[in-house]
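For reference, the structure discussed in these notes is given below.
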Amino acid sequence: MQYRKLGRTGMMVSAISLGCEHMQGKDYELIKTVIDAALENGVNFLDVFMSEPNVRTNIGRALEGRREKVMIQGHIGSCWVDGQYKVSRDISECIEYFEDLLTRLQTDYIDVGMLHFVDKETDWDALETSEVMQYALSLKEKGIIRAIGMSSHNPVTAKKAVESGYIDVLMFAINPAYDLVPKERDLTGVFTEVLQGKAQNFTGLTLEPARAALYRACEERGVAITVMKTLAMGTLLSKERSPLGVALTEAQCISYALSRPAVAAVMVGMQRKSDVESAMEYWNLTDEERDHGEILASLGMFNADGRCMYCNHCLPCPARLDIAAVNKYLDLVEMDGRPADSVKQHYLAMENTAEACLACGACEKRCPFGVKVTERMQRAVQTFGK
312 MQYRKLGRTG
322 MMVSAISLGC
332 EHMQGKDYEL
342 IKTVIDAALE
352 NGVNFLDVFM
362 SEPNVRTNIG
372 RALEGRREKV
382 MIQGHIGSCW
392 VDGQYKVSRD
402 ISECIEYFED
412 LLTRLQTDYI
422 DVGMLHFVDK
432 ETDWDALETS
442 EVMQYALSLK
452 EKGIIRAIGM
462 SSHNPVTAKK
472 AVESGYIDVL
482 MFAINPAYDL
492 VPKERDLTGV
502 FTEVLQGKAQ
512 NFTGLTLEPA
522 RAALYRACEE
532 RGVAITVMKT
542 LAMGTLLSKE
552 RSPLGVALTE
562 AQCISYALSR
572 PAVAAVMVGM
582 QRKSDVESAM
592 EYWNLTDEER
602 DHGEILASLG
612 MFNADGRCMY
622 CNHCLPCPAR
632 LDIAAVNKYL
642 DLVEMDGRPA
652 DSVKQHYLAM
662 ENTAEACLAC
672 GACEKRCPFG
682 VKVTERMQRA
692 VQTFGK
């Protein structure tokens, strides 16, 4: 297992973590089997957004005696009203069901308190100055939560929240079908089509600018991203169902998500022991088997416009440069239009910086996206000083 820093929180979380959504409706024995298998394989981070009482209770029982071995994302505003799941901004309901989460999980703290399902800009605007936000801040001050997070599917709304300074962790939907949308298409419409399994093969794909801007904002501010919808509800694993028109493997989807800026963990939905085993097989695969770059580049409809996709398909580098990392840091500065001290510190902490580039061109021959790597390495030296 690989462990990554959860942004500015400093917590170290498993790169592949456990999304518990599909445990709802399952019995205790099965839930314990899945959690046992996950922990045995090094998973130390769980997302528990469900408000249904039984699944919360069963997860708490399964974790009994092991609470300190895991970190939990628990959601504020995920409520169970009249026997149904409800997203609420009512302060009384938010308090009641967050306290219910603590009780049922048999714990007195949650590591990341997630403001739940904030997609509309108007929702964020109201939430930012609401009693619910004050409640989250008070929980953090008291140590009942260690960090404040937010879950969202909307990059514009999420970016506003990240830039507010309140959010330490963002749970966000990331996969190639959401990131690489057709030009002239509305992202919300694409997202809905994928959810409904109605998306047709996309043509004229390009990087979705709002999502790229969000990832840069998170990276620059030390806001970690935890990923949901990695497989787009399984549609990306099927050529017939995928809007990309090709089947990706689970490992390629995980690799894609983990390669995005600011991503700390991919929350993989697991409801059987075999699901855990399948996800953990990622660590036994070669770089070639995980690689997502070549298959995306093979799509005649895909146009990255010479932009680095951070896949490192250009490696190995004779100068031992992490070319994707250099490009990522350069993008953070150039696309935001201003240098950032935090980005420069991360760049200078690398084992080798761009000044080690030999300008041999081997990377450019391998790059499936036509990135002018040598030129970008020179720009990185000019930007960061070495």
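Just remember that the numbering used here sits 311 ahead of the position in the sequence shown, which is counted from 1.
Glycine residues also receive a C-beta, built at the ideal position from the N, C-alpha and C atoms.
Original post:
Do you know how far the Cα of residue 331 is from the Cα of residue 313?
Top reply: Roughly 20 Å separates the two Cα atoms.
Original post:
Using a Cβ-Cβ cut-off of 7 Å (strictly less than) and excluding sequence neighbours within five positions of residue 568, which residues of its own chain qualify?
Top reply: Around residue 568: 485, 486, 538, 541, 574 and 577.
**OP:** Measure how close the beta-carbons of residue 528 and residue 474 come, nearest whole angstrom, since I'm counting them as under 8 Å.
**Re:** 6 Å between Cβ atoms; contact.
**OP:** Within 10 angstroms of the Cβ of residue 669, are there 16 or more other Cβ atoms? Answer buried if so, exposed if not.
**Re:** By the 10 Å Cβ count, residue 669 comes out exposed.
Original post:
Exposed or buried, residue 423, counting other C-beta atoms within 10 Å across all chains shown (16 or more means buried)?
Top reply: Burial call: buried.
Subject >> Alpha carbon of residue 677 to alpha carbon of residue 638, nearest angstrom >> reply: Straight-line Cα distance between these residues: approximately 16 Å.
Original post:
What is the residue span of the alpha helix (DSSP H) that residue 371 lies within?
Top reply: First-last of the alpha helix (DSSP H) with residue 371: 364-373.
Subject >> 8 Å contact criterion, which residue 386 and residue 427 should meet: CB distance rounded >> reply: So it is a contact: roughly 4 Å between Cβ atoms.
**OP:** Can you give me the start and stop residues for the alpha helix (DSSP H) that residue 414 sits inside?
**Re:** Its alpha helix (DSSP H) spans residues 402-415.
**OP:** Just grab the DSSP bridge partners of residue 678 for me.
**Re:** According to DSSP, residue pairing for residue 678 in a beta bridge does not occur.
**OP:** Can you tell me which of the three DSSP states residue 549 falls into?
**Re:** In the three-state DSSP reduction, residue 549 falls in the coil class, being neither helix nor strand.
**OP:** Over the uninterrupted beta strand (DSSP E) stretch that includes residue 397, give me the two end residues.
**Re:** Residues 395-398.
Original post:
Any idea if residue 629 is buried or exposed, counting beta-carbon neighbours within 10 angstroms, 16 or more meaning buried?
Top reply: Residue burial is scored here from C-beta neighbours: residue 629 has fewer than 16 other C-beta atoms within 10 angstroms and is therefore classed as exposed.
Subject >> Nearest-angstrom Cβ-Cβ length linking residue 488 and residue 553, presumed shorter than 8 Å >> reply: In this structure residue 488 is in contact with residue 553, their Cβ atoms being roughly 7 Å apart against a cut-off of 8 Å.
Subject >> CA-to-CA distance, residue 354 to residue 592, given in whole angstroms >> reply: If you take the alpha carbons of residue 592 and residue 354, they lie about 13 Å apart.
Subject >> N- and C-terminal bounds of the alpha helix (DSSP H) containing residue 585 >> reply: It spans 584-591 - the alpha helix (DSSP H) in which residue 585 sits, taken as one unbroken run.
Subject >> For residue 542, the three-state DSSP class (helix, strand or coil) >> reply: The answer is coil: DSSP assigns residue 542 none of H, G, I, E or B.
Original post:
Alpha carbon to alpha carbon, how far is residue 543 from residue 563?
Top reply: Looking at the two C-alpha atoms, the distance is approximately 13 Å.
**OP:** Under 8 Å by Cβ, that's how I've got residue 536 and residue 481 pegged, so tell me the actual separation to the nearest angstrom.
**Re:** Contact between residue 536 and residue 481 holds, with the beta-carbon distance rounding to 5 Å and staying under 8 Å.
Original post:
Expressed to the nearest angstrom, what Euclidean distance is found between the alpha-carbon atoms of residue 626 and residue 634?
Top reply: Computed Cα separation, rounded: 8 Å.
Subject >> Alpha-carbon to alpha-carbon, residue 360 and residue 341 >> reply: So the two alpha carbons sit approximately 19 Å from each other.
Original post:
Which residues in the same chain have their Cβ closer than 6 Å to the Cβ of residue 455, if we skip the five residues on either side of it in sequence?
Top reply: Excluding its 5 nearest sequence neighbours in each direction, residue 455 has C-beta neighbours in its own chain below 6 Å: 420, listed in chain order.
**OP:** Keeping to the same chain, check which residues put their C-beta closer than 7 Å to that of residue 606; ignore five residues upstream and five downstream.
**Re:** Closer than 7 Å at the Cβ level, and outside the excluded window around residue 606, lie 557, 559 and 563.
Original post:
Using CA coordinates, which residue listed in 583, 643, 449 and 438 is at the minimum distance from residue 531?
Top reply: The candidate whose alpha carbon is nearest that of residue 531 is 643.
Subject >> Chain-order list of residues whose beta-carbon lies under 6 Å from that of residue 666 (same chain, five-residue window excluded) >> reply: Correct list, in chain order: 692 and 697.
Original post:
What number of angstroms, rounded off, separates the C-alpha of residue 329 from the C-alpha of residue 460?
Top reply: For residue 329 and residue 460, the distance between alpha carbons rounds to 17 Å.
Subject >> CB contact below 8 Å: residue 464 versus chain B >> reply: Here there is only one protein chain, and chain B is not present.
Original post:
With distances taken from CA atoms, which of 476, 491, 469 and 477 is nearest residue 483?
Top reply: With respect to the C-alpha of residue 483, the residue from 476, 491, 469 and 477 having the closest C-alpha is 469.
Subject >> Unbroken alpha helix (DSSP H) run spanning residue 349, endpoints >> reply: The continuous alpha helix (DSSP H) containing residue 349 extends over residues 339-351.
Original post:
DSSP on residue 464, reduced to helix/strand/coil?
Top reply: Here residue 464 sits in coil by DSSP.
Original post:
Between the stretch 370-377 and the stretch 393-404, are three or more C-beta pairs nearer than 8 Å?
Top reply: Look at the beta carbons and you see the stretch 370-377 not touching the stretch 393-404: under three pairs across the two are nearer than 8 Å.
Original post:
Which residues does DSSP pair with residue 644 in a beta bridge?
Top reply: Answer by DSSP bridge pairing: none, since residue 644 is not bridged.
**OP:** In the DSSP assignment, find the beta strand (DSSP E) that holds residue 565 and state where it starts and stops.
**Re:** For residue 565, no beta strand (DSSP E) encloses it; the enclosing alpha helix (DSSP H) starts and ends at 561-569.
Subject >> Own chain partners of residue 415 with C-beta closer than 6 Å, once the 5 adjacent residues on each side are dropped >> reply: Sequence-distant Cβ neighbours of residue 415 in its own chain, meaning closer than 6 Å and more than five residues away, are 367, 368 and 371.
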